[in-house]
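Numbering (the UniProt record's numbering), first residue to last: 1 to 368.
Here the structure is laid out as structure tokens; the discussion comes afterwards.
Take a look at the structure:
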């Protein structure tokens with residue numbers, strides 16, 4: 001019927017062309033469903049790979065070494081390196097040493113505080129080498145659990161899992177989350193604390209430079225430490241994968257620690273410390289104490305003490321400046337997460353503020 005109608009409607013030349021197209025179509029139609037299926041599968045896997053890639057690169061950290069480790073921790077460095085290599089995870093060495101620094105400072109018979117991960121009572125292990133072997137094994141399992149849950153090479157997620165237990169990695173995977181301080185806090189409040197009897201979200205005071213930096217000076221009763229990964233990371237010299245390729249400032253955690261010693265000290269114009277400061281006197285004093293470098297007494301000379309970077313790329317220990325280059329009027333020390341510590345103005349004291357309310361003009365990474 002269709003062929004007869006085409007003969008009636010079309011010229012001989014048009015008919016010849018239509019017959020050729022129809023012939024091609026008869027070959028394509030039987031395999032068209034297969035072509036569509038292959039196309040759909042290709043789109044599906046492309047989307048998965050794209051999602052996985054962006055999810056990993058946003059949070060991955062590669063350790064380039066350690067900073068500010070105690071002598072007690074460093075004496076175990078050779079054994080840690082040997083054992084981590086034996087277990088097939090030499091890349092975890094900086095993280096293992098940083099965990100030891102947080103857990104014990106390298107002191108005691110269980111410097112990795114790994115007894116509980118072996119199902120034992122706290123400090124049941126009293127052989128440092130046994131503690132290290134178990135600690136490396138537990139961190140290795142934590143890292144494998146993070147990867148198995150589709151989170152990628154997220155070392156901070158693995159470190160938080162070391163503290164919380166392997167279920168934290170499963171929680172991230174189940175809820176399609178990546179590790180963050182807010183996620184770790186939510187897990188502490190809604191999973192860990194209730195499991196140990198704190199169903200009302202009871203908090204207790206927890207004040208140190210890390211908690212002050214994030215403006216959360218508390219922990220949840222029986223909820224573990226949701227700052228754990230942040231505490232460990234302060235002893236890591238890191239580079240963000242897929243970022244701008246620049247390393248964080250040297251001695252950044254020591255700079256922040258020194259700066260926080262002076263919270264509450266009054267602003268006095270022209271003061272250089274140690275009991276009173278103006279804005280540039282504060283930054284000058286902190287860097288001089290930590291690095292031995294004099295970055296200058298005023299904001300304009302301090303502009304020349306390093307490399308100018310965008311505000312969005314600033315990390316803890318960098319400097320924020322307000323005003324045009326060559327005529328800046330204020331300077332502060334970046335804390336990360338959009339926060340900074342500074343000596344504000346007469347009548348005020350050294351304090352922590354947020355760039356949301358006082359946006360810097362540019363940032364600078366000091367050469368030390």
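Each residue gets a CB set at the ideal place from its N, CA and C atoms; glycine is no exception.
* Report the option in 180, 266 and 174 whose CA atom is closest to the CA atom of residue 226. => Checking every option, the nearest Cα to that of residue 226 belongs to 180.
* **Member of 352, 119 and 338 whose CA lies at the smallest distance from the CA of residue 209** => Each of 352, 119 and 338 was checked against the Cα of residue 209, and the nearest Cα belongs to 352.
* Buried versus exposed, by CB contacts within 10 Å (16 or more), residue 308 -> By the 10 Å Cβ count, residue 308 comes out exposed.
* **Assigned secondary structure, residue 358 (DSSP; H/G/I helix, E/B strand, else coil)** => Note: residue 358 maps to coil in three-state DSSP.
* Measure the alpha-carbon distance for residue 247 versus residue 91 and round it to whole angstroms. => At residue 247, the pLDDT of 35 sits below 50, so the modelled position is not reliable and the matter cannot be decided from this model.
* **Nearest residue (CA-CA) to residue 162, options 175, 176, 234 and 134** => It is 134.
* Where residue 188 falls: helix, strand or coil (DSSP) -> Residue state, collapsed to three classes: helix.
* To do: Please go through the UniProt domain "NlpC/P60" (249-368) and give each complete alpha helix (DSSP H) segment of 4 or more residues, from N-terminal end onward.
  => Scanning the UniProt domain "NlpC/P60" (249-368) from its first residue to its last, the whole alpha helix (DSSP H) runs of 4-plus residues come out as 252-260, 279-291 and 299-302.
* In whole angstroms, what separates the C-alpha of residue 103 from that of residue 113? -> Straight-line Cα distance between these residues: approximately 6 Å.
* Report the rounded CA-to-CA distance for residue 315 versus residue 366, giving the unit in angstroms. => Roughly 11 Å separates the two Cα atoms.
* Asked: Pairing CB atoms from the segment 188-204 with CB atoms from the segment 329-342, are three or more of them under 8 Å?
  -> Between the segment 188-204 and the segment 329-342 there are fewer than three C-beta pairs closer than 8 Å, too few to call the two in contact.
* Asked: Under the three-state reduction of DSSP, which class applies to residue 202: helix, strand or coil?
  -> Looking at residue 202 - three-state DSSP - the assignment turns out to be coil, as it is neither helix nor strand.
* State the DSSP-derived secondary structure class of residue 162, mapped to helix, strand or coil. => DSSP places residue 162 in helix when its eight states are reduced to three.
* Asked: What does a CB cutoff of less than 7 Å around residue 244 pick up in its chain, not counting 5 residues either side in sequence?
  -> Note on residue 244: pLDDT 33, under 50, position unreliable in the model; the coordinate value appears next. Cβ neighbours of residue 244 beyond the five flanking positions: 313.
* To do: Note down the Cα distance separating residue 310 from residue 129, rounded to an integer number of angstroms.
  => Each residue's Cα considered, the two are about 45 Å apart.
* **Pair within 8 Å by beta-carbon distance, residue 305 and residue 67** => Residue 305 places its beta carbon 8 Å or farther from that of residue 67.
* To do: Work out the CA separation of residue 290 and residue 269 for me, nearest whole Å.
  => Answer to the nearest angstrom: the Cα atoms are 23 Å apart.
* Asked: What separation, rounded to the nearest whole angstrom, lies between the Cα atoms of residue 65 and residue 347?
  -> Rounded to whole angstroms, residue 65 to residue 347 spans 42 Å at the Cα level.
* Alpha carbon to alpha carbon, what distance is there between residue 132 and residue 275? -> In this structure, the straight-line span from the alpha carbon of residue 275 to that of residue 132 is close to 43 Å.
* Asked: So, residue 164 versus residue 192, is the Cβ gap smaller than 8 Å?
  -> Closer than 8 Å, so yes.
* Nonlocal neighbours in the same chain, by C-beta distance under 8 Å from residue 89, ignoring five residues either side -> Sequence-distant Cβ neighbours of residue 89 in its own chain, meaning closer than 8 Å and more than five residues away, are 136, 139, 140 and 143.
* To do: Note down, one range per segment and in chain order, each alpha helix (DSSP H) of at least 4 residues found wholly within the segment 125-152.
  => Runs found: 128-148.
* How big is the Cα-Cα spacing for residue 123 and residue 110? -> Looking at the backbone, the Cα of residue 123 and that of residue 110 are separated by about 6 Å.
* Asked: In whole angstroms, what separates the C-alpha of residue 214 from that of residue 159?
  -> Whole-angstrom Cα-Cα distance: 19 Å.
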